[in-house]
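K.L.:
Pasting in a structure now, in C-alpha cells, and then I'll have a few things to ask.
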Amino acid sequence: MWPLLKMARRLHSTDVRPGLVLVKGGRILDEVGKELTQKLLAYSSVEIMAAGRQGTALALQALARHPDPVEFLISSATGEELEGAGLQPAGEEPKQSSARVGFRLQLHKSSEARKEKAGSLPDPVKVLQVSQRSNSDFIPLAKAVATELRWMPAGEVLAVESLLLGKAKNIHTRVYNLAQAVAVASDWQVNHAATGALRPFRCIAQERKVAMKVDDAPEGSEGRQFVEPTALRLVLLADGQPPPRPDGSAGVRRAQSTDG
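According to our numbering, the sequence shown is numbered sequentially starting from 68.
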C-alpha cells in the first residue's frame, strides 16, 4: 500500500508543481533546449533554475532558440534556493551557499493568440546594450531599464541585449550581467516597499544576427576572419499603463511636436 500511496502523492505533486528544468555549467545547449521543449509540452507552467554564469547563458539561449516565443518572469535565486531545487555545487569541495548565485525563470504556456502576438512584436522603443567589458557594473543598466519602462507607452516594448562574441567565459559573464540587470529592474517594479509598484514586465528571449562584420581571428594568427556576430536579446513587455506624473498628468513621455 505504501508504494501505491507514494506513487499517488508523486502524481499529485506533478499535477500541481511546475515542470522544473535545472541548468548549470557543463550542460550542452541542445540538451537543455530539448528538455525545455518536453517540459513545455507536458506542463502548463515551467520553471528554470539556472546556476552560475554559464548556466544562466545556457538557459537564456535555450529560451531564445525555442521555436515559439516563450514569455517568462526573471528573478535572482540564492544559493539555498538553487540547492533546494537540486542544483548542488560542482566539485568535491563544499561551496558556501551564500557565494552561489543564479536565477529563477518562471515560464507560462501561452495561448495560440498570445503566441501569435508574441511572434509579431513591434520594434523596441529603445535597445539597451550590455557593456562589452566583462567586469562592468550592472546597476547602471538596471536603472536605465527601469527609467525607460516607467514612461514607455502601453503596447510598446523595450529590449536589452549582449553580443555573443569573444571568449566563452566573457560571453557568459556579459549574459550574466544582462540577466542581473533585468532581474534587479524587475524586482524594483514589484517590490512595493522599496519603490511602489511601477511597471511589472515579462520577458521574451531572442537570438538575432547583428548587421556588422567583426574580425574574429584568433590572437596572433595570420590573416583576418570576419564574422557576422549574433546577439542575445531580452524583449521586455510592460504590464498596464505608465504611472501618472506627480501632477496627475498622463505618464507617457510626449514626443516634441514637429508642426510649424
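By construction, the Cβ of each residue, glycine as well, lies at the ideal position given by its N, Cα and C atoms.
Should Y110 be counted as a contact of the ligand SAM given a C-beta to heavy atom distance under 7 Å?
P.N.:
Questions concerning the ligand SAM fall outside what the structure shown contains, since it holds no ligand whatsoever.
K.L.:
Along the beta strand (DSSP E) that carries A221, what are the first and last residues, could you check?
P.N.:
No beta strand (DSSP E) contains A221, which DSSP labels as neither H nor E.
K.L.:
For G169, count neighbouring Cβ atoms within 10 angstroms of its own Cβ and tell me buried if that reaches 16, exposed if not.
P.N.:
Looking at its Cβ environment, which holds 16 or more other Cβ atoms inside 10 Å, G169 is buried.
K.L.:
Select from R300, P296, F268 and E150 the residue whose C-alpha is nearest the C-alpha of M279.
P.N.:
Nearest of R300, P296, F268 and E150 to M279, Cα basis: P296.
K.L.:
In its own chain, which residues sit with a C-beta less than 6 Å from the C-beta of E160, not counting the 5 before and 5 after it?
P.N.:
The pLDDT assigned to E160 is 48, lower than 50, so where the model puts this residue is not dependable; a value taken from the coordinates is nonetheless given after this. Hits under 6 Å: none found.
K.L.:
Please return the same chain residues whose Cβ sits closer than 6 Å to the Cβ of W229, not counting the five positions on each side in sequence.
P.N.:
Reading off the sequence shown, one finds Ser at residue 229, where the question assumed Trp. Cβ neighbours of S229 beyond the five flanking positions: V197, R241, V242, L245 and L299.
K.L.:
Here's the rule I'm using: 16 or more other beta-carbon atoms within 10 Å means buried, otherwise exposed. How should Q105 be labelled?
P.N.:
Answer is exposed; the Cβ neighbour count stays below 16.
K.L.:
Three-state secondary structure (DSSP) at Q196?
P.N.:
If DSSP states are grouped into helix, strand and coil, Q196 belongs with the strands.
K.L.:
Whole angstroms is fine: what's the gap from L96's alpha carbon to H239's?
P.N.:
Cα to Cα, L96 sits roughly 13 Å from H239.
K.L.:
Taking DSSP as the reference, what is the three-state secondary structure of H36?
P.N.:
Because the chain spans 68 through 327 in this model, residue 36 falls outside it and cannot be assessed.
K.L.:
Between P309 and M219, is the Cβ-Cβ spacing less than 8 Å?
P.N.:
In contact: P309 and M219 (Cβ atoms closer than 8 Å).
K.L.:
Look up E138 in the DSSP assignment and give the residues it is bridged to.
P.N.:
DSSP output for E138 lists I271 as bridge partner(s).
K.L.:
Check whether the stretch 204 to 212 and the stretch 140 to 148 are in contact - that is, three or more C-beta pairs closer than 8 Å.
P.N.:
No contact exists between the stretch 204 to 212 and the stretch 140 to 148.
K.L.:
Among the residues of its own chain, which have a CB less than 6 Å from the CB of A252, if the five just before and after it don't count?
P.N.:
Correct list, in chain order: A209, V212 and A213.
K.L.:
Note the first and the last residue of the continuous beta strand (DSSP E) segment covering I115.
P.N.:
That run of the beta strand (DSSP E) goes S112 to A118.
K.L.:
Which value, in whole angstroms, describes the spacing of the CA atoms of H79 and D204?
P.N.:
Low confidence applies here, because H79 scores a pLDDT of 40, under 50, leaving its location unreliable; read the following figure in that light. Going from the Cα of H79 to the Cα of D204 covers about 44 Å.
K.L.:
Give me the Cβ distance between R266 and L216, rounded to the nearest whole Å; I'm assuming they're in contact under 8 Å.
P.N.:
Yes, R266 and L216 are in contact; Cβ-Cβ is about 5 Å, under 8 Å.
K.L.:
So, helix, strand or coil for G333, using DSSP?
P.N.:
Missing from the structure shown is residue 333; the chain here goes from 68 to 327 and no further.
K.L.:
What does the alpha-carbon distance come out to for the pair S187 and V302?
P.N.:
Computed Cα separation, rounded: 12 Å.
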